[in-house]
Amino acid sequence: MYWLATRSVVVSLPRWRSLALLLRSAAPRHCSFSSSPTLRHSRRELERICCFKGQKVLKGSSKTTKKFKALNGALNDKDLSNLLWWKERLEMCRKPSTVQLVKRLTYSNLLGLDVNLKNGSLKEGTLNWEMLQFKSRFPREVLLCRVGEFYESIGIDACILVEYAGLNPFGGLRSDSVPRAGCPIMNLRQTLDDLTRNGYSVCIVEEVQGPTQARARKGRFISGHAHPGSPYVFGLVCGDHDLDFPEPMPVVGISRSARGYCINLVLETMKTFSSEDGLTEEALVTKLRTCRYHHLYLHTSLRNNSSGTCRWGEFGEGGLLWGECSARQFEWFGGNPVNELLLKVKELYGLNDEVTFRNVTLSSENRPQPLTLGTATQIGAIPTEGIPCLLKVLLPSNCTGLPVLYMRDLLLNPPDYEIASAIQATCKLMSNVTCSIPEFTCISSSKLVKLLEQREANHIEFCKIKNVLDEILHMYKNSELKEILKLLMDPTWVATGLKIDFETLVTECEWASGRIGEMISLDGESDKKISSSSVIPSDFFEDMESSWKGRVKKIHIEEEFAEVQRAAEALSLAVTEDFLPIISRIKASTAPFGGSKGEILYAREHEAVWFKGKRFTPSVWAGTPGEEQIKQIKPASDSRGRKVGEEWYTTWKVEDALTRYHEAGAKAKLKVLELLRGLSSELQSKINILVFASMLLIVAKALFAHVSEGRRRKWVFPTLAKSHGSEDVKPFDGAYGMKIIGLSPYWFDVAEGSAVHNTVDMQSLFLLTGPNGGGKSSLLRSICAASLLGICGFMVPAESALIPQFDSIMLHMKSYDSPADGKSSFQVEMSEIRSIIAGTTKRSLVLIDEICRGTETAKGTCIAGSIIETLDKIGCLGIVSTHLHGIFTLPLNTKNMVYKAMGTVYVDGKTKPTWKLIDGICRESLAFETAKKEGMPETIIRRAEGLYLSVYAKEVLSGRNEREADLSNTSIYHSDESHLELSRIRQEAAFNRKKSTNQVEVLQKEVENAVTVICQKKLIELYKKKNISELAVVHCVLIDAREQPPPSTIGASSVYVMLRPDKKFYVGETDDLEGRVRAHRSKEGMQNASFIYFLVPGKSLACQLETLLINQLSNQGFQLTNVADGKHRNFGTSVPIESVPVSVCS
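Here it is as structure tokens:
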């Protein structure tokens, strides 16, 4: 038996029965803890229980009675709901060790401790009592409490650690002790990752460091929290490493309104929330599938569906959403969907009521509808097995992380016309940029906010922040990039919800960059000089000073810096005076084996420099050198006064010097941390600017990467029409609609020449027929992807395109059954098409593949015909494909529908697909050929053909007859002008040489001028010999460290010179400059290499100029690393340059 205390009664229960079982014998998997009447009823039931057994316990010792009095009244309705919440999660535990631990829990307190077990006392002043106080503040977080060199958990939290973090319980599985588990300090980060990966939040309690009085308990405080998508950052300011931040995970609330479904997202880290209303069920499920969220709340408005029943999902609508949510953990809530959700978030994260959240909701009035689940999966916007991934072809393979997330979110939530136009205009400018572009440092906005808010940003993070600001300023100062920067303002506003003026952004970036530059020690600065001594191991000073030197500029810590230097010199002097004579005495000893040994070593574990030796004490004291020092040494001891080994020795003078040095170092480190935290506080006032700037660079990097990949794939920019049928739209051939010329499947690489191109001129609804494997599904996917890319402002896989601004793009392909909802595949198809029709307007694009395939042919044909009539009446653009040829005999009432087919040819007695879109009807299915191709037994094929001919012979003959009927540059320089131009180049070279003062810049200018003169002279010679029709001016472009080539270099031949950090050069040529730069910089020591390049028309000319430069530059005294390549006169080609006709464009 064990005892539970409530507000007014002590209850005796069987040992195996928990409080949660008493409250609710069969708690459902998904509970609503906002329903207090149920809890009040449970409490009344609890209070009515009277116990008559075991009353002698109440009459026992006063100590036991006091223990229960301490617990009396501790559990309120909220505590009970939290215990039920934990009980549900413990019931999911499957590890045998966890199951055994759970049996030892009681639910009489938030820790789940049984006070009658060993180490289960909750007496005031004990560690358990202290942990209970912390747990009561964050009852739904796993509590990890620092105890010495470990982080420990007890009770419920210990069970969670054993189950999900792979830890073993302390003390094994002894049944007489409360559950305890923990991890060493070094494994904290891994333990937190394991818990957050499984959806748990963690509250971390740290000990107050420093000396304490005898028998006094160490003070403890909550140092921070780790949530899914928001890691633990305490102590990061002291470190010299970066911390990877995952994608932030919001708290999600779903409700129902008159407009449709509504989703509310709250980001605790960013202190923002957004609401999106009027969503279809499919669009809402798409958002849930693509959003990794921390907690899910369902509003009670979802329980009443359109049928008026309370059994959610019983009649069609709601079934898909219910199936999605029922597989996840969620809670019900009521009241105002936004306000109540914000209250839930504050309760969940332990925030004060004064904390406010910024509304970043953007108007959806003119925006296209978000993609439905079927559309997103069928074009690979959501990665789906067997479906070509659109994101993978939209960006280069080396572009990962935050830019990919931005592109994915933009595809799933297409922008309005103005933003799409801004994105396209930006991409067009990016495509034509000729200057080098920044690397675009990407920092997560949530990382910025959390580190600055908690003042945990270290010098590495500040350097990254400065890189972001400097790259913004670099774009502002460059005439080509400045226009791009301006155009990026609106897309960044949409992505962040922050509206910032352009000039304000630049001004604030200048201030913040300057402030960081004033405080932080940047790369290449000499503020990290470590103390040194000839007698003290260098590792000692490196370990002691590297934790604070090189963080901030020396000017801010001059006093502390000088004190550490003086202390280091004093330590060096003490070691020299006390240890060096002993070392000299030992070295003078000539004993062969078993003689004296000794050396000065760094005891890393004890952070000390001591003498380590043996057999150095003289047998006879004769006043020889070193004896006096030997008399002064004493055994070394650790911080607790315990002797360290038998061979470690020190002196009082050395110990005093060590203490002074450590105190000076600690004071300097404290000053550095104070300065870093102060800088965090300063920059926190500019957090909106920093968030905006970081997101702007993420957008810029994503769009530059897209343009680079689009150019490589030979995609084009479409013409965007503001609205379907708008007066602002310029017509194609006198009609409004969509026209895509040379459309290819997005997953094919056109640059490799493997794609079949189609022209789609769509003014109304198409009814599409064609054989199996004829390309119907591929065409629908291609049109869907091209249309989506177009309305997002991206490049499209075509030769040219006119795409209207659709208000929704919906693609429906094959459907599968849903056993969880009790629906057949045809039911699922009808549910999805019903949703499509409900959301279709005359400005929609609707694409339905093989309609009504899952039911009886005759009735399915009639349903398909009725759907086609409905879509035709609405007036939308779209395609409906089908194999139901009976639809052609139906008396359809359509006005605008057009018959289209996938073409076939008759070759050698066989019908083969052409994968080309043509006018008309195709009644050939190629079903037998497809079955044979996939390995169907020949006997089955022959029997099927026989059955077909016996039943459909007349249709075969008529179809064959129908098929047979259906087959049907710049100005030229004069020689005098050439010499003048060459003279001008040389004069500029001389002027630039005088102007530049920096050694590296001088070297860059010298090689740039040499390259220009050498290559320009060669081109002039070619022009005189009439081997080239036009004379080009060599235009060298510098790619500095942390910059990359512009997209305009893609597919163009170029000659480049790499300036290595060791001031040597490498000359090369390439058709992929961006890849070559990346390859060079990936090598060790080459990360900051800079490049000079110029474009040439053709690889042959590039190879010849490369050889010319290798020979000429080396002759002029430049140090080249690839001189051997210049020995080949026609390196890279077998034809001399004079024999190659070249057309050079300036």
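My numbering runs 1133 ahead of the 1-based position in the sequence shown. Glycine is no exception: its CB is placed at the ideal position from the N, C-alpha and C atoms. Everything numeric in this text was worked out from a predicted model, so none of it was measured.
In terms of residue numbering, what span does the beta strand (DSSP E) encompassing residue i cover?
i: Ala-1291; result: Not the beta strand (DSSP E): Ala-1291 falls in the alpha helix (DSSP H), residues 1289-1297.
i: Gly-2011; result: 2010-2014
i: Lys-1730; result: 1730-1736
i: Tyr-1365; result: No beta strand (DSSP E) holds Tyr-1365; DSSP gives it neither H nor E.
i: Ser-1356; result: 1353-1359
i: Thr-1405; result: 1405-1412
i: Asn-1472; result: Premise fails: Asn-1472 lies in the alpha helix (DSSP H), 1470-1482, not in any beta strand (DSSP E).
i: Arg-1350; result: No beta strand (DSSP E) holds Arg-1350; DSSP gives it neither H nor E.
Under a three-way DSSP split, which group does residue i fall into?
i: Gly-2036; result: strand
i: Gln-1462; result: coil
i: Val-1824; result: helix
i: Pro-1768; result: strand
i: Cys-2148; result: helix
i: Leu-1495; result: coil
i: Tyr-1240; result: coil
i: Asn-1891; result: strand
i: Leu-1912; result: helix
i: Cys-1560; result: helix
i: Gly-1304; result: coil
i: Glu-1796; result: helix
i: Leu-1978; result: strand
i: Tyr-1550; result: helix
i: Cys-1395; result: strand
i: Thr-1402; result: coil
According to DSSP, residue i sits in a beta bridge with which residue or residues?
i: Leu-1584; result: In DSSP, Leu-1584 forms no bridge with anything.
i: Pro-1571; result: Glu-2176
i: Ser-1286; result: Ala-1314
i: Ile-2046; result: The residue asked about is misnamed: residue 2046 is Pro in this sequence, not Ile. Looking at the DSSP assignment, Pro-2046 forms a beta bridge with Thr-2037.
i: Met-2191; result: Tyr-2199 and Phe-2224
i: Tyr-1430; result: Gly-1386 and Glu-1464
i: Ala-1934; result: Ile-1873
Could you pull out every residue in the same chain whose Cβ sits closer than 6 Å to the Cβ of residue i, ignoring the five residues on either side in sequence?
i: Glu-1551; result: none
i: Cys-1560; result: Leu-1836 and Val-1840
i: Ile-1593; result: Asp-1375
i: Lys-1251; result: Asp-1309 and Ser-1310
i: Thr-1329; result: Ala-1359 and Pro-1361
i: Ser-1363; result: Thr-1402
i: Pro-1851; result: Gly-1923, Val-1929, Ala-1934 and Ile-1936
Excluding the 5 residues preceding and the 5 following residue i in the sequence, name in chain order all residues of the same chain whose CB lies nearer than 7 Å to its CB.
i: Ser-1911; result: Pro-1878
i: Ile-1831; result: Leu-1535, Pro-1536, Tyr-1539 and Cys-1575
i: His-2168; result: Phe-2227
i: Glu-1641; result: Lys-1819 and Ile-1822
Tell me the residue span of the alpha helix (DSSP H) that contains residue i.
i: Ile-1633; result: That residue, Ile-1633, is in no alpha helix (DSSP H); it is neither H nor E in DSSP.
i: Met-1943; result: Counting along the chain, Met-1943 falls outside any alpha helix (DSSP H), though it belongs to the beta strand (DSSP E) covering 1941-1945.
i: Arg-1222; result: 1210-1223
i: Phe-1850; result: That residue, Phe-1850, is in no alpha helix (DSSP H); it is neither H nor E in DSSP.
i: Glu-1693; result: 1691-1711
i: Met-1264; result: 1260-1270
i: Trp-1626; result: 1622-1629
Report all residues from its chain with a CB closer than 8 Å to the CB of residue i; omit the five preceding and five following residues, and keep chain order.
i: Arg-1541; result: Thr-1423, Ala-1514 and Leu-1524
i: Val-1697; result: Ser-1664, Glu-1678, Tyr-1794, Ala-1797, Gly-1798 and Ala-1801
i: Leu-1474; result: Val-1384, Gly-1386, Asn-1397, Val-1399, Phe-1406, Tyr-1430 and Phe-1466
i: Thr-2182; result: Leu-2206, Glu-2207, Tyr-2226 and Leu-2228
Indicate whether at least one CB of chain C lies closer than 7 Å to the CB of residue i.
i: Lys-2232; result: The question asks about chain C, but that chain is absent: this structure has only one protein chain.
The region 1387-1406 / the region 1695-1707 touching (three or more Cβ pairs under 8 Å): They do not touch, by the three-pair rule.
Touch check for the region 1514-1533 and the region 1986-2001: three-plus C-beta pairs under 8 Å? Too few Cβ pairs lie closer than 8 Å, so no.
Quick check: the region 1769-1782 against the region 1737-1751, are at least 3 beta-carbon pairs closer than 8 Å? By the Cβ test, the region 1737-1751 is in contact with the region 1769-1782, since at least three Cβ pairs between them sit closer than 8 Å.
Touching or not, the region 1805-1823 and the region 1898-1907, by the rule of three or more beta carbon pairs under 8 Å? Touching, no, given that fewer than three Cβ pairs across the two stretches are closer than 8 Å.
Taking three-plus beta-carbon pairs below 8 Å as touching, is the region 2041-2060 in contact with the region 1885-1893? Counting Cβ pairs under 8 Å, three or more are found: they touch.
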